[in-house]
Amino acid sequence: MKKYRLFGVISAVCITLSILYSFVGNSQIPTSRVLLSTNPPLERILPFEAEAERPQSPVTLKLQAVNAAGKPLENAKISLQILTPNRNPWLTTDFPIVEGTKLLQMDATAPDGKLEIQQMLPIRGNYQLLVNVSPLVANAFTPYQQTLNLNVRENPVKYKYFVVIAAILLSLGLLGGWVIGGQEELQQGEIAPQSVRLLLSALTVVAIVTLLVINISAEVAEAHGSEHHSNSTEVIAPSSQKSQGLEINLGGDKNATVGKLANLSLQVKDSATGQPIKDVALQVKAIALEHNLTVFDYKGIPDEQGKLAWLEQFFDGSPHKIEVEATPLPGSSRQFAPVKVAQEVEVEAIAPPIYIRLIGLFYFTAFVGIGMAIGLLIQHRRTPQARES
Numbered sequence: 009m010k011k012y013r014l015f016g017v018i019s020a021v022c023i024t025l026s027i028l029y030s031f032v033g034n035s036q037i038p039t040s041r042v043l044l045s046t047n048p049p050l051e052r053i054l055p056f057e058a059e060a061e062r063p064q065s066p067v068t069l070k071l072q073a074v075n076a077a078g079k080p081l082e083n084a085k086i087s088l089q090i091l092t093p094n095r096n097p098w099l100t101t102d103f104p105i106v107e108g109t110k111l112l113q114m115d116a117t118a119p120d121g122k123l124e125i126q127q128m129l130p131i132r133g134n135y136q137l138l139v140n141v142s143p144l145v146a147n148a149f150t151p152y153q154q155t156l157n158l159n160v161r162e163n164p165v166k167y168k169y170f171v172v173i174a175a176i177l178l179s180l181g182l183l184g185g186w187v188i189g190g191q192e193e194l195q196q197g198e199i200a201p202q203s204v205r206l207l208l209s210a211l212t213v214v215a216i217v218t219l220l221v222i223n224i225s226a227e228v229a230e231a232h233g234s235e236h237h238s239n240s241t242e243v244i245a246p247s248s249q250k251s252q253g254l255e256i257n258l259g260g261d262k263n264a265t266v267g268k269l270a271n272l273s274l275q276v277k278d279s280a281t282g283q284p285i286k287d288v289a290l291q292v293k294a295i296a297l298e299h300n301l302t303v304f305d306y307k308g309i310p311d312e313q314g315k316l317a318w319l320e321q322f323f324d325g326s327p328h329k330i331e332v333e334a335t336p337l338p339g340s341s342r343q344f345a346p347v348k349v350a351q352e353v354e355v356e357a358i359a360p361p362i363y364i365r366l367i368g369l370f371y372f373t374a375f376v377g378i379g380m381a382i383g384l385l386i387q388h389r390r391t392p393q394a395r396e397s
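Just so we're aligned: the sequence shown equals residues 9 to 397 in our numbering.
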């Protein structure tokens, strides 16, 4: 009986130690992971600003897959998805339609375990980068997934604009409350004193003009892309090229919508044999034609089938150009002059929903109302003192 009891105690101790090891020991064992670095540094990254004084550059995102020892993984396939910050209807961004959507999705061949892209980040908030790393050679290493977070702060200029607008609205409300609070005596047949009637009429006109400006600006922004396209005279390279033994075909969606991913693909093959070519370097760019601004840039190589495919969202509702340049890899036996293909993508802008516009109007009205309440309170406290004097 004592032997059985001793055996039970030893078993319980072993189970307890194994549980403690699983919670404590495993957390100390290094595992494969993805390292993220940005240029500019994270604290200096700002969201896209269409009317910026200085030309903006996309943010450089460098992803490095490493093993448990911290060494770069070789011959890896890196799948990347970039998710935009979640929706917040009460504090919307400059591109409400983009909130809570997918900005980019791509699969990249990474011989040295590195993926580097340049991506314009349209709005403030916390971006999620979903990374999936798998081997190109079967069983070379265990596939793994990781979620990285990238927090983009708001442009400080926006806060200055907000303070100025809030001060103006509060001042208008304060003036209105002061006038209403100091009412004159009613004349025969009047519903309200003349100063009050004039003030209320002015506020009504301001509200109507504000609604008109918000709605008209939204409609103009929606049609702006098509107007720009009709005035564009830029010569764009063909989407298919046969040159120096290469055949390059750029395909995919030619029409896109803000808030949705556009499907794009590239095929590189031998023009004589039709066999896929993978020993070429590809530079892919997405350029917003309205501002002539690069919003996406990637340098890489095609997969085993000579293909490169990616899904991209064009957050700015204006025409974009997809441009790909193929160059020989250093030390490759296949040498040729750079070959370019390009394709234009029409982007349909989506106006913000009406409830977002109404929320903005509510904030404007609230500031005026607060100012008016302060003005009324001042006049209310001032009136008894005037009567006593």
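Glycine included, C-beta positions come from ideal geometry on N, C-alpha and C.
Other residues of its chain near residue i: CB distance less than 8 Å, five sequence neighbours each side excluded
i, result
"residue 151", "140, 141, 142, 143"
"residue 185", "379, 380, 381, 382, 383, 384, 385, 386, 387"
"residue 248", "255, 256, 257, 258, 349"
"residue 301", "63, 64, 128, 295"
"residue 75", "40, 81, 149"
"residue 266", "103, 105, 106, 321, 322, 323, 324, 325, 355, 356, 357, 358"
"residue 337", "287, 288, 289, 309"
"residue 122", "70, 71, 72, 73, 80"
"residue 262", "351, 352, 353, 354"
"residue 110", "89, 90, 91, 92, 269, 319, 321"
For residue i: DSSP bridge partner residues
i, result
"residue 152", "141"
"residue 254", "251, 278"
"residue 133", "160"
"residue 296", "301, 328"
"residue 260", "272"
"residue 125", "69, 306"
"residue 110", "91"
Beta-carbon spacing of residue i, residue j below 8 Å
i, j, result
"residue 252", "residue 314", "no"
"residue 4", "residue 355", "Residue numbering for the chain in the displayed model covers 9 to 397; residue 4 lies beyond these limits and cannot be assessed."
"residue 77", "residue 42", "no"
"residue 126", "residue 66", "yes"
"residue 2", "residue 68", "Outside the shown range of the chain (9 to 397) lies residue 2, about which nothing can therefore be said."
Beta-carbon proximity list for residue i, same chain, < 6 Å, skipping 5 on both sides
i, result
"residue 118", "84, 86"
"residue 94", "108"
"residue 333", "291, 346, 348"
"residue 36", "In this predicted model, residue 36 has a pLDDT of only 47, less than 50, meaning its place in the structure is not dependable enough to derive any value."
Segment limits, beta strand (DSSP E) that includes residue i
i, result
"residue 309", "That residue, residue 309, is in no beta strand (DSSP E); it is neither H nor E in DSSP."
"residue 328", "328-336"
"residue 71", "67-74"
"residue 50", "Segment: none, residue 50 is in no beta strand (DSSP E) and carries neither H nor E."
"residue 77", "Unbroken run through residue 77: none, as it is neither H nor E."
"residue 269", "Taken as a continuous stretch (DSSP letters only), residue 269 belongs to no beta strand (DSSP E), as it is neither H nor E."
"residue 88", "84-91"
"residue 353", "347-356"
"residue 315", "315-320"
Same chain, Cβ closer than 7 Å to residue i, five either side skipped, listed in chain order
i, result
"residue 390", "none"
"residue 377", "181"
"residue 343", "336"
"residue 100", "364"
Short CB-CB distance (under 8 Å) between residue i and chain C
i, result
"residue 57", "Of the protein chains in this structure there is only one, and it is not chain C."
Inter-stretch contact at 8 Å, needing at least 3 Cβ pairs: the region 154-169 / the region 323-339 = no
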